[in-house]
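Protein chains in written order, with my numbering: chain P, 96 to 209; chain H, 223 to 341. We put the CB at the ideal spot given by N, CA and C, even for glycine. Here is the structure we will look at.
Below, the structure is given as structure tokens:
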């Protein structure tokens with residue numbers, strides 16, 4: 096079974112703090128994703144990584160950066176957290192060798208920025 | 223443009239009722255896949271099904287069935303004899319090739335339908 100884990104289920108940070116959200120997958124997947132989920136807005140893609148050190152902006156990258164130094168780990172960084180970044184953050188991974196492969200999701204991190 | 227529309231924001235049914243969740247999509251691709259995911263209250267999205275645009279046969283898996291109609295760009299999901307455990311948010315999604323090309327696809331999600339099944 097594919098397992099995608101996220102470092103925290105719940106996180107509370109203060110405005111201006113630097114925040115790291117970590118995601119690890121154990122299936123040697125090439126593709127990894129970070130989404131945020133907000134009521135009424137569904138899932139929105141923040142960043143996507145198609146391989147180690149390779150990344151691509153999603154629909155809402157502003158205020159975020161990412162790091163993928165190892166294939167299994169994809170980090171989302173909030174350089175200076177703001178209250179409008181309070182949200183549920185979901186990580187996913189996918190086998191990038193086939194067009195039709197599904198994404199596997201982690202349990203999510205609910206981030207509150209005070 | 224690529225778009226997925228789930229017009230039903232919330233649906234509430236009583237246990238054992240049948241319920242259909244609608245999904246309408248737009249794509250310029252001639253061949254494509256469609257996905258459904260379930261997000262229970264625990265929060266983790268779970269993959270339910272993938273369909274190829276070549277295959278318009280209905281798919282049935284236990285109490286779940288999917289009706290794919292290319293002519294109306296719809297991929298609807300029906301739960302027969304609903305149960306309380308079916309309560310979740312359901313998402314329909316359409317892959318989009320990324321700038322990196324190859325087999326690197328990201329998903330365009332609909333906004334989801336919250337299904338509540340009451341005992």
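- Query: Can you tell me whether DSSP reads residue 294 of chain H as helix, strand or coil?
  - Reply: Position 72 of the second chain holds residue 294 of chain H. Residue state, collapsed to three classes: helix.
- Do residue 197 of chain P and residue 290 of chain H have their C-beta atoms closer together than 8 Å? Sequence index remark: in the first chain, residue 197 of chain P carries index 102 (1-based). Sequence index remark: in the second chain, residue 290 of chain H carries index 68 (1-based). No, the Cβ-Cβ distance between residue 197 of chain P and residue 290 of chain H is not below 8 Å.
- Where the beta strand (DSSP E) through residue 271 of chain H begins and ends: Counting from one through the second chain, the residue named residue 271 of chain H turns up at place 49. Counting along the chain, the beta strand (DSSP E) containing residue 271 of chain H begins and ends at 268-274.
- Tell me, please, whether the CB atom of residue 250 of chain H is closer than 8 Å to any CB atom in chain P? Looking up residue 250 of chain H in the second chain gives position 28. Not closer than 8 Å to any Cβ of chain P, the Cβ of residue 250 of chain H fails to qualify, so no.
- Item | Secondary structure of residue 330 of chain H, DSSP reduced to three states | Against the second chain, residue 330 of chain H aligns to sequence position 108. Strand.
- Helix, strand or coil at residue 320 of chain H [DSSP, three-state]: One-based indexing of the second chain puts residue 320 of chain H at position 98. Coil at residue 320 of chain H, not helix or strand.
- Message: Can you find the residues in the same chain that come closer than 7 Å, C-beta to C-beta, to residue 308 of chain H, ignoring five residues on each side of it along the sequence?
- Response: Along the second chain, read from residue 1 onward, the residue named residue 308 of chain H stands at position 86. Closer than 7 Å at the Cβ level, and outside the excluded window around residue 308 of chain H, lie 301, 337, 339.
- Query: Around the C-beta of residue 335 of chain H, are 16 or more other C-beta atoms found within 10 angstroms, so that it is buried, or is it exposed?
  - Reply: Here residue 335 of chain H refers to the residue found at position 113 when the second chain is read from its first residue. Residue 335 of chain H comes out buried.
- Query: Would a check of beta-carbon distances place residue 169 of chain P closer than 8 Å to chain H?
  - Reply: Reading the first chain from its first residue, position 74 is the one you call residue 169 of chain P. By this cut-off, residue 169 of chain P is not an interface position.
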